[in-house]
Amino acid sequence: MRTLYFAAGLTLGTAFTAQAADVTLRYMSWDAAQIEREKPAIAAFEAAHPGVKVQTQGLPVKDFWPRLSALAASGDLPDVFTMSSGYIQQWTDAGNLTDLTPYTKDLDLSAYTKSAVETGQINGGLYSLPLSWSGPVLFYNKNMFDAAGLTYPTGAWTWSDFLAAAKKLTVDKNGDGKPDDWGYSVFGRYAQVDGWVYRNGGRYLNKDATKLEPNVEAINTLKFLTNLVLKEKVAPYPKDLQGIRYQDVFPMGMSAMWVDGSWNINNVRTVAGNKFKWGIAEIPKGPDATAETVRAYAWPDMFSVSANSKNKELAFAFIRHMTGETRNATDFLGGTVPAFKAIAAREAWLERDKQPDNKEVILKIGEQNLYTGFSRNWDAWRGYGASGSGGMNGELDEVFNGRKSLDEAVKSFTTYANDALSR
Amino acid sequence: MSSQTAQRFTWLAFLFLLPTLLGLLIFRLVPIVGAFVTSFTRWQIFDKPRWIGLDNYINILTSPVAAKVFINTAWFTMIYVPGVIVLALFLAVLLNNSLKISAFFRGAFFLPYITSTVAVTLVWRWIFSTKFGILNNLLIGLGYSDPPAWLADPIWSLPAVAIVSVWKDSGFFMLLLLAGLQTIDPGVYEAARMDGAKRLRQFFDITMPLLSRSLFFVLILALVRSTQTFEITYALTGGGPNGASTTLAYFVYENAFVHFQMGYASALAYLLCFAVGLVTLANFYVRKRWTHE
């Protein structure tokens, strides 16, 4: 009997090896530069799995989604692909993703940032593993703070601390009645606005994210931001900055403070160079927030496995390897935080030799309650990417430009959003 | 030719036409029918289409955002079509002679049409830029202290897109009109001159009537093109601010390839097709009144 088992095992074993000898795992990403950085990690995976070849393809984001969608329609999805928090719900509902739960028996999910894992947990299944996460932070120009005799922002800052500083930092240098240095700068974009809203306990969506119903806290936040331009005059009209990429306003030294995604750290390093010293802080907490309602805005980038993959187990092993502890902290640029906590905790990730010298601020954010704020058709109602001039984004810019009242704008973006959510 | 050879000839002709016909069938007719069927579904490309009847059409026709897009498209057409025809006609008449220098200018005015849209639009973006743009610096230099934020202004952004489109396309229409002008017998002008007709009189009483067929062709082409503007919008304003320069073709793109609402986008495309068809039909109907056969 034992011999029989042995023989069967041997046969199975041989069969598996024979099959494994010519397995090609297809991996597609929205970031070709990231694939370059991943090359050593991919090579290590191939070395540990003899006979397995990983075929990579990197596309720019705007081409990635149409291509991936077309591949899904023709039943030819790659085994592994990058997945964003904005689309995972729709992709899971469409049945394109593999539930990874059966493969995670020996995987300690608590090694990953909690809310990054939760984004992939849909309808009781696990449809992705997080690679990294990022979220908006307050950038500040130390030189301008020093010149105004101000202390740097901290996580304990309130809205009034922020406003007082912004007033002092708005300076008319040549006496023409128009400020040359601005304390702050606003845009209607999600990365500039929504961090403020969630830090004030605000929400746009209802509980199950099926309807847009901005709560009082959210409206108060939008009012506060509007007043920074129209009433307090510590921020310029967005229209006056047209022609400058919004992510360059801060590194070009035009605004002493600025809120943007932590992923933008790399761009600030490149554009600002050594022209001034700068740091980052948490977005000031709003007066309406309670311990229960306050959220830090952050979202993960993830890996998913196709529902049609012929090598699901292998594909899972691959994403486990790519997100796991063998990765280098330096594979993650600037403000992109490795979702695997042990990597983020390494001294190398803090990059002490570069600006900002306080990247641990981002790690502290990761310990809080995080909120992605996504729903189905988020890109449509929020106004994202090529549709950035529409939706909530476009309406808020009108408000900040002083051309539309906030009440009117809220009314029209709520109607539009609920139309988009119902489709 | 006997009837048998004629029949063989027809079959042979079809054989040679086959690649083109197949191409048309597969790459034109199938998508056209496919899009029509899709317009009655909710389909995100990556999921299974779901039949929803007329919902997409009802949704579009009751949406204030879509209404604004239709108005923008009409507004764009009203600026673009007269703009591009008048400019093209002016250039064509100006260059309709045998001077050496005219050959150079024909090429020069045609150049914008064949340059990369995105590249030249980026230059225009810089020209229109609020603070660093050459246009506003010029205006400030002329003493106009508060020039508009062209591309971030709901009143100016759509005309800005139209201006760049007129600039880019007029060389192409100029060429079509030049071809029309060359067919006019110079003897007619000579006779008019001898009768004492001035240049302006010659233009309105000879050039315009004899060019009317070319003009009609140019008008239809310009009308159709005006509803298809996409690349310049994409690179210049992104449809903004707050959708002020979003025209139908751009809105179709947004819904199809940014929001993945294929059914909704297909319905939009069919409404666009219907509107263009209607306008073209109306043109053919009134054509008899003004074109000179």
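First to last, the protein sequences are chains A and B.
Per the working numbering: the first sequence = residues 376 to 798.
Per the working numbering: the second sequence = residues 985 to 1277.
Heads up, the beta-carbon is just placed ideally off N, CA and C, and yes, glycines get one too.
Closer than 8 Å at the beta carbon, the chain A residues around residue i
| i | result |
| --- | --- |
| I1029 of chain B | P441, S444, A445, A447 and A448 |
| R1026 of chain B | R798 |
| T1230 of chain B | S764 and G765 |
Residue i burial status per 10 Å Cβ neighbour count (16 or more: buried)
| i | result |
| --- | --- |
| D1179 of chain B | exposed |
| F391 of chain A | Residue confidence for F391 of chain A is low, a pLDDT of 44 falling below 50, so the modelled location carries little weight; the figure read from the coordinates is stated next. Exposed is the call here. |
| K734 of chain A | buried |
| A1092 of chain B | exposed |
| M376 of chain A | Because M376 of chain A carries a pLDDT of 41, less than 50, the predicted location of this residue cannot be relied on, and the following value inherits that uncertainty. Its Cβ having fewer than 16 others within 10 Å, M376 of chain A is exposed. |
| F381 of chain A | With a pLDDT of only 44 at F381 of chain A, under 50, the local geometry of the prediction cannot be trusted, and no value is derived from it. |
| T698 of chain A | buried |
| D569 of chain A | buried |
| P415 of chain A | exposed |
| K1152 of chain B | buried |
| T989 of chain B | exposed |
| D772 of chain A | buried |
| K739 of chain A | exposed |
Cutoff 7 Å: residue i Cβ touching any chain B Cβ
| i | result |
| --- | --- |
| K608 of chain A | no |
| S780 of chain A | no |
| E783 of chain A | no |
| E667 of chain A | no |
| N471 of chain A | yes |
| G765 of chain A | yes |
| E688 of chain A | no |
| E421 of chain A | no |
| E493 of chain A | no |
Neighbour flag for residue i against chain A, beta carbons, 7 Å
| i | result |
| --- | --- |
| E1238 of chain B | yes |
| L1135 of chain B | yes |
Listed by chain order, chain B residues near residue i by CB distance under 7 Å
| i | result |
| --- | --- |
| E770 of chain A | N1226 |
| A755 of chain A | H1243 |
| N752 of chain A | H1243 |
Distance, residue j Cα to residue i Cα
| i | j | result |
| --- | --- | --- |
| F707 of chain A | W724 of chain A | 8 Å |
| Q979 of chain B | D406 of chain A | Given a span of 985 to 1277 for chain B in the structure shown, any question on residue 979 of chain B remains unanswerable. |
| S509 of chain A | A673 of chain A | 5 Å |
| Y1097 of chain B | M1158 of chain B | 11 Å |
| T790 of chain A | A423 of chain A | 54 Å |
| T529 of chain A | T1025 of chain B | 51 Å |
| S787 of chain A | P589 of chain A | 12 Å |
| F1030 of chain B | D536 of chain A | 48 Å |
| Q730 of chain A | S630 of chain A | 17 Å |
| T1231 of chain B | Q622 of chain A | 27 Å |
| R670 of chain A | S762 of chain A | 27 Å |
| V1148 of chain B | S503 of chain A | 45 Å |
| I718 of chain A | I694 of chain A | 16 Å |
| F1188 of chain B | I1055 of chain B | 33 Å |
| E700 of chain A | V736 of chain A | 22 Å |
| S449 of chain A | R702 of chain A | 34 Å |
| F1244 of chain B | W753 of chain A | 12 Å |
| F691 of chain A | T596 of chain A | 42 Å |
| T1022 of chain B | G558 of chain A | 50 Å |
| R442 of chain A | W466 of chain A | 14 Å |
| A1072 of chain B | L1161 of chain B | 7 Å |
| G1223 of chain B | G766 of chain A | 12 Å |
| S797 of chain A | L1079 of chain B | 56 Å |
| Q991 of chain B | L1005 of chain B | 19 Å |
Neighbour list for residue i in chain B, Cβ cutoff strictly below 9 Å
| i | result |
| --- | --- |
| Y791 of chain A | S1047, P1048 and V1049 |
| D547 of chain A | Neighbours of D547 of chain A on chain B: none; closest Cβ ~16 Å, over 9 Å. |
| A761 of chain A | Y1218, G1222, G1223, Y1234, Y1237, E1238, F1241 and V1242 |
| N683 of chain A | Near N683 of chain A there are no residues of chain B at all, since even the closest Cβ is about 12 Å away, more than 9 Å. |
| E413 of chain A | Neighbours of E413 of chain A on chain B: none; closest Cβ ~24 Å, over 9 Å. |
| E726 of chain A | Here the premise fails: no neighbours, minimum Cβ distance about 33 Å. |
Contacts that residue i makes with chain B (C-beta to C-beta distance below 8 Å)
| i | result |
| --- | --- |
| W466 of chain A | F1030 |
| D794 of chain A | N1043, S1047 and V1049 |
| N498 of chain A | Those do not exist, as N498 of chain A stays about 15 Å from chain B at its closest Cβ, beyond 8 Å. |
| E773 of chain A | P1138, P1225 and N1226 |
Note to self: Please identify, using Cβ separations under 8 Å, the residues of the segment 1240-1251 of chain B that lie next to chain A, in order along the chain.
What the structure shows: F1241, V1242, H1243, F1244, Q1245 and Y1248
Checklist line | Residues in the segment 1100-1116 of chain B having any Cβ partner in chain A nearer than 8 Å | finding: R1109, W1110, F1112, S1113, T1114, K1115 and F1116
Next item on the list: With 7 Å as the C-beta to C-beta threshold (strictly closer), list the residues of the segment 449-464 of chain A near chain B in chain order.
Entry: none
Check: Which of the residues in the segment 585-619 of chain A, read from start to end, lie with their CB under 9 Å from any CB of chain B?
Finding: Y612, P613, K614, D615, L616, Q617, G618 and I619
Notebook entry, point to check: In the segment 1148-1159 of chain B, which residues sit with their C-beta less than 8 Å from some C-beta in chain A, listed in chain order?
Noted result: none
Item checked: chain A contacts made by the segment 1119-1130 of chain B, where a contact means CB separation under 8 Å -> none
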